[in-house]
Every structure is written in structure tokens, then in C-alpha cells.
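J.: For reference, the structure I am asking about is given below.
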Amino acid sequence: MKILAATDGSNCSERAIKFASKLASESKSKITITYVVPELPLAKEEFVKFLKKQLGNGKGAGNRYLERGRKIGEKLGVKTETKLLEGNPAEEILKEAERGRYDLIVVGSYGKGGVNKFLLGSVSSKLVHLSKIPVLVVK
8 MKILAATDGS NCSERAIKFA SKLASESKSK ITITYVVPEL PLAKEEFVKF LKKQLGNGKG
68 AGNRYLERGR KIGEKLGVKT ETKLLEGNPA EEILKEAERG RYDLIVVGSY GKGGVNKFLL
128 GSVSSKLVHL SKIPVLVVK
């Protein structure tokens with residue numbers, strides 16, 4: 008079984024990675040952890056430059072989140088790969104799931120967007136509704 012786990016660096020997504028890693032360990036599967044650097048909204052060029060400078064294009068943080076996830080998987084003896092993508096998070100996760108022919112997507116129920124803990128976050132909700140493969144949402 009091929010498992011795709013998505014992170015946004017939140018505590019909830021870290022729990023999802025731990026769950027996915029345990030599942031992969033028990034089923035002797037491999038796991039790919041992905042982080043999607045969100046696309047910047049359309050804005051004046053100067054503002055976009057400012058945002059990129061402030062955010063570092065999101066790649067620095069994304070790589071840290073991926074490294075944390077990789078360590079979680081490796082502690083459980085799971086073969087772990089990481090992928091840094093750019094664009095709309097839900098769309099890119101779905102594209103990667105199809106490209107990589109994954110059997111399962113694992114995500115946290117809500118991320119850094121501060122969505123109420125009783126509701127699904129926008130990314131996890133889109134994945135549940137649009138994915139052609141099973142999506143496991145971890146609280």
C-alpha cells in the first residue's frame with residue numbers, strides 16, 4: 008500500500024503523520040509526506056515581493072515540516088519520502104495522489120487556518136469530497 012500524508016506544520020497534521028506512519032509500519036508500506044507551499048494571492052508586484060521575502064516562499068518552513076515528518080516515520084522503521092509542492096494545497100495533493108498512484112491519503116482534520124476543532128478544515132474537506140481514493144482524516 009502506498010500512503011500519501013499531507014502536512015501544514017500544525018499539531019493536527021503531525022498527529023496525522025504519526026497515524027499514517029504507524030499504519031505504514033503495521034502494513035509494511037511506504038509513506039510519502041508532502042507539504043504544499045500555498046500560492047500567493049494576486050496582488051501588486053511590490054506586495055508579492057514583500058510577501059515572498061517575509062515568508063521565504065514558504066519553502067523553508069515546508070522543508071522543516073517535511074523533515075519532522077520524515078523523522079517520525081523513520082523512528083517507526085517506515086520507508087519515508089518527502090515532497091515539497093507549490094500551488095493550491097488541496098489541488099496539488101490530489102494531483103500528487105493520482106500521479107503517484109497512492110492507495111490512501113492521510114490528513115489532519117484542520118490545520119493552521121484556525122478552523123474550529125469540530126469542523127473539517129477547507130483542505131481536508133476538499134480532499135474528502137474530491138478524491139478518487141480513500142481519505143483518512145485524523146483528529
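Residue 81 in the working numbering sits at position 74 of the sequence shown; the count goes up by one each step and never skips. Heads up, the beta-carbon is just placed ideally off N, CA and C, and yes, glycines get one too. Keep in mind the model is a prediction, meaning the values are calculated, not measured.
#1: Going by the beta-carbon positions, is the gap between Arg77 and Thr89 smaller than 8 Å?
#2: Pull up the distance between the alpha-carbon of Glu33 and that of Leu101, whole angstroms please.
#3: Mark Leu30 as exposed unless 16 or more other C-beta atoms lie within 10 angstroms of its C-beta, in which case mark it buried.
#4: Between the C-alpha atoms of Lys84 and Lys9, what's the straight-line distance to the nearest angstrom?
#5: Please look up how many angstroms separate the CB atoms of Glu21 and Gly94, rounded, as I've assumed it's under 8 Å.
#6: Run the CB neighbour count on Gly128, radius 10 Å, all protein chains shown included, and call it buried at 16 or more, exposed below.
#7: What does a CB cutoff of less than 7 Å around Ser36 pick up in its chain, not counting 5 residues either side in sequence?
#8: For Val135, list the residues DSSP reports as bridge partners.
#9: For the beta strand (DSSP E) containing Glu88, list its first residue and its last residue.
#10: For the alpha helix (DSSP H) containing Ile24, name the first residue and the last one.
T.: Quick look at the numbers:
#1: yes
#2: 25 Å
#3: buried
#4: Note on residue identity: the sequence assigns Gly, not Lys, to residue 84. So the alpha carbons of these two residues sit roughly 15 Å apart.
#5: Between Gly94 and Glu21 the Cβ distance is about 22 Å, and since that is not below 8 Å, they are no contact.
#6: buried
#7: Met8, Lys9 and Ile10
#8: Beta-bridge pairing links Val135 to no other residue.
#9: Thr87 to Gly94
#10: Asn18 to Glu33
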